[in-house]
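>
2 protein chains.
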Amino acid sequence: MPDQPPPSSDFTGVPLRGERALIARLAGELRATPGGVPFGDDLAGIGPEAGALLWSTDMLMDGVDFRSAAHAWRDIGRKAMAVNLSDCAACATVPVAALCAVALSDDLSMDDAVELFRGIRDCGEAFGCPLVGGDTNSWPQPTVVAVTVIARPDGARAPVLRGGARPGDGIYLSGRVGGSLLGRHLHPRPRVREALEINRRLQPRAMIDISDGLVIDLWHICEASGCGAEIDAGALDAVIHPDAEAMARQTGRSARDHALYDGEDFELIVVVPEEAPEADIHELGLLPLGRMLAAPVLRLRDGHGQATALEIRGWEHFRGADARG
Amino acid sequence: MPDQPPPSSDFTGVPLRGERALIARLAGELRATPGGVPFGDDLAGIGPEAGALLWSTDMLMDGVDFRSAAHAWRDIGRKAMAVNLSDCAACATVPVAALCAVALSDDLSMDDAVELFRGIRDCGEAFGCPLVGGDTNSWPQPTVVAVTVIARPDGARAPVLRGGARPGDGIYLSGRVGGSLLGRHLHPRPRVREALEINRRLQPRAMIDISDGLVIDLWHICEASGCGAEIDAGALDAVIHPDAEAMARQTGRSARDHALYDGEDFELIVVVPEEAPEADIHELGLLPLGRMLAAPVLRLRDGHGQATALEIRGWEHFRGADARG
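Protein chains in written order, with the working numbering: chain L, 25 to 349; chain F, 25 to 349.
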């Protein structure tokens, strides 16, 4: 673990509140990590008895992760499956099958409910991941959808986890980021096939999918790997999605800020050894971003070599009651 | 399938609404049934690639399946795990590991959240089923907890499904039922070990755990097996739980009615061939209830041989919007 906290971090000292703090407390109590996968990675190991399978679950809530008043139920279903497939991609694993548990709002129509399941099914089937069962409930509150996906390793290749990055490793993105709230967040394209190809050709040291934001998810790699990271400002400018530019015009924030802190891009952060072949990196369409550092910091480096600390924040659940004390 | 609808059934003709109707519509679209497990059974097969593993998910919602104002969070956590372990028991399978996804209400304290997870963990560990990961969210609505459990078959023994019952088979219960709302519903004792022993000694034709009520869950076996069932009135009186008697004094309904229609007992309905050895049945503590019939009916038979149809109803989610139409 880093022996020096990063500047401007939510996570200096003892974390008191928020999803990460809760997970940190739980990780101390729930030390069962079958298959050697640390608690909190994108996928969990299932257990020695179950071979090398991994699994993941993600819960989406109406009003938080989607808005049923504005979004089509089939799109909502697709997203519920896609975020799980993105977790499979983050580990370069092959999705096998999915379960879905729902708490449907009482005012949902039967047709809406079927559309929701069709979206889940369609997205899964596009990635060879059939929906094989689940649990159907209803209640007088907004709809909640929880999908669980099982994945297997890609042949003999071990899953790629968050904790393998080393100082000097190169950091790349599978695509441009920022501004997903303009609509892309509802149509995530899980990078399952890309991740498998990346793993076959580059054997990455670490990967993660960007769900909470580029900075916070890169920081997850830093924390799990016990190092820091440096983003080149010029490289950052080259990975800014046009939607981030468009949002910047609406919000008054910079496009860089949207690229660094907007969540739900579902692109991959890929960390590869310094000596990874340039030609492969290019052919895979990976965009350079920066490099891992020995010091446990996260910083932005401009063209003159000047580095400034990046504020480490992103979307995080379960912070509300903290503020209220 | 039965060619004659049962009397007084919700399910005569075309089902229009409700969880079962939704599942029926989905089952037509989601025909993927790896491992030959029909959609809608207690566990689902994971896929041919994943060997013989099975899995199950159950979602509990505050105000529906528990009341956080009245119940301890550790008990709520235990229940969230126990209902999944009960699904493992229903199939006579061995739990392997669990995931948990939560939408925590914003006003939940960190200590409450940790207690919830401890309850999930404690109940799982008591059955060799570690909690290995999950997804933590928060929102301004009541808390939702979804646990997913993976199970494996017990050695070479195939999982026991709902659809294997035959006319003439004997119907037994693993314990007395009714009145669980007086408190037992919060402390379910999943019959995992009992189910494995039952499977080893009796090779049951079909099993299910009683979550929605004795009548409706027995009817699930009837539907899946294409037959009917007959409950002996004297046998029914012998399986009435004292809590059903106590509730009857409060509600004015009969104790029989509570035994037949109350949910969340989590006892097993066990269907065995007529020739199953009496001594084993006795040693396993199984309580006789009745027998399977060829006709697709569900009826109560009194001491004089007179049979009356049982109304087929039980707890069912997702019926609200139907009434509103």
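C-beta atoms are modelled at their ideal positions from N, C-alpha and C, and glycine is treated no differently. Only a predicted model underlies this, so the values are computations on that prediction, with no experimental measurement involved.
1. State yes or no: is the beta carbon of I174/F nearer than 8 Å to at least one beta carbon in chain L?
2. Please tell me whether V120/L and A175/L are closer than 8 Å, where the distance is taken between their beta carbons.
3. Take the Cβ of R19/F as the centre, count every other Cβ of all protein chains shown within 10 Å, and call the residue buried at 16 or more, exposed below.
4. Can at least three beta-carbon pairs, one atom from the segment 177-194 of chain F and one from the segment 294-307 of chain F, be found at a separation below 8 Å?
5. By the three-class DSSP mapping on this structure, what secondary structure does G252/L have?
6. Rounded to the nearest angstrom, what separates A280/L and D65/F at their Cα positions?
7. With a cut-off of 8 Å, does the C-beta of P166/F fall near any C-beta of chain L?
8. For W79/L and chain F, any beta-carbon pair shorter than 8 Å?
9. At a CB-CB cut-off below 7 Å, which residues of chain L make contact with P159/F?
10. Starting from L324/L, find everything on chain F with Cβ-Cβ shorter than 9 Å and list it in chain order.
11. Can you confirm whether G87/L, when its beta carbon is compared against all beta carbons of chain F, has any partner nearer than 8 Å?
12. Using the beta-carbon count (16 or more within 10 Å), is A219/L buried or exposed?
13. Should A137/L be flagged as near chain F, meaning a C-beta pair shorter than 8 Å?
14. Should Q165/F go down as buried or exposed, given a rule of 16 or more other Cβ atoms within 10 Å for buried?
15. How far does the alpha helix (DSSP H) with A136/L in it reach, from first residue to last?
16. Quick check on this structure: which residue in V173/L, A125/L, P312/L, P228/L has the alpha carbon closest to the alpha carbon of I255/L?
17. Note down the Cα distance separating H282/F from G338/F, rounded to an integer number of angstroms.
18. Give a yes or no on whether the C-beta atoms belonging to V263/L and V201/L are separated by under 8 Å.
19. Is it buried or exposed for H306/L, if we count other Cβ within 10 angstroms and need 16 for buried?
20. What residues in the segment 105-121 of chain F have a beta carbon less than 7 Å from any beta carbon of chain L?
21. Ignore the nearest five residues each way along the sequence and tell me which others in L123/F's own chain have a CB closer than 6 Å to its CB.
22. Roughly how many angstroms separate the alpha carbons of H244/F and V321/F, rounded to a whole number?
23. Quick one: does A180/L have its CB under 8 Å from some CB of chain F?
24. Touch check for the segment 100-114 of chain L and the segment 212-229 of chain L: three-plus C-beta pairs under 8 Å?
25. Given that L123/F touches chain L, what residues does it touch there, using C-beta distances under 7 Å?
26. Does the CB of S156/F have a neighbour CB from chain L at under 8 Å?
27. Grouping DSSP H, G and I as helix and E and B as strand, with all else coil, what is V120/L?
28. Can you find a C-beta in chain L that's less than 8 Å from the C-beta of A219/F?
29. Less than 6 Å between C-beta atoms, sequence neighbours within five positions excluded: which residues of the same chain meet that for D86/L?
30. Counting only C-beta atoms, is W97/F closer than 8 Å to chain L at any point?
31. Just checking my contact of A125/L with A170/L at CB under 8 Å: how many whole Å lie between their CB atoms?
32. Taking only the alpha-carbon atoms, compute the straight-line gap between L132/L and S162/L and give it to the nearest angstrom.
33. Give every residue of the same chain whose Cβ lies closer than 7 Å to the Cβ of G203/L, excluding the five residues on either side of it in the sequence, and list them in chain order.
34. Among M105/F, D326/F, I100/F, which one has its Cα closest to the Cα of D82/F?
35. Would G304/L and R225/L qualify as a contact pair, given that the criterion is a beta-carbon distance under 8 Å?
36. Could you give the distance in angstroms between the alpha-carbon of A259/L and the alpha-carbon of R277/L?
Looking at the atomic coordinates:
1. Among the residues facing chain L, I174/F is included, as its CB has a counterpart in that chain under 8 Å away.
2. Yes, the Cβ-Cβ distance between V120/L and A175/L is below 8 Å.
3. Any question about residue 19/F goes unanswered here, given that chain F covers just 25 to 349.
4. yes
5. strand
6. One detail in the question is off: residue 280/L reads as Arg in this sequence, not Ala. When rounded, the distance between both Cα atoms is 50 Å.
7. yes
8. By this cut-off, W79/L is an interface position.
9. Before going further, note that residue 159/F is Asp rather than Pro in the sequence given. Here the neighbours are T81, D82, M83.
10. The premise fails here: L324/L is roughly 29 Å from chain F at the closest Cβ pair, so nothing lies under 9 Å.
11. It does; some Cβ of chain F falls within 8 Å.
12. buried
13. So yes, A137/L belongs to the interface.
14. Per the 10 Å Cβ criterion, buried.
15. With the sequence shown as reference, residue 136/L is identified as Asp, and Ala is not the correct amino acid for it. Unbroken alpha helix (DSSP H) run through D136/L: 134-149.
16. P312/L
17. 11 Å
18. yes
19. Result: exposed.
20. V120, A121
21. G157, G158, T172
22. Taken atom to atom, the span from the alpha-carbon of H244/F to that of V321/F is near 12 Å.
23. no
24. yes
25. A68, W79, T81, T172
26. The question names Ser, yet the displayed sequence has Val at residue 156/F. Output row for V156/F: interface = yes.
27. In this structure, V120/L counts as strand in the three-state DSSP scheme.
28. no
29. S92, P166, T167
30. no
31. 5 Å
32. 9 Å
33. H265, D267, A268, A270, M271, H282, D286
34. M105/F
35. Sequence check: residue 304/L is Asp here, not Gly. Closer than 8 Å, so yes.
36. Going from the Cα of A259/L to the Cα of R277/L covers about 19 Å.
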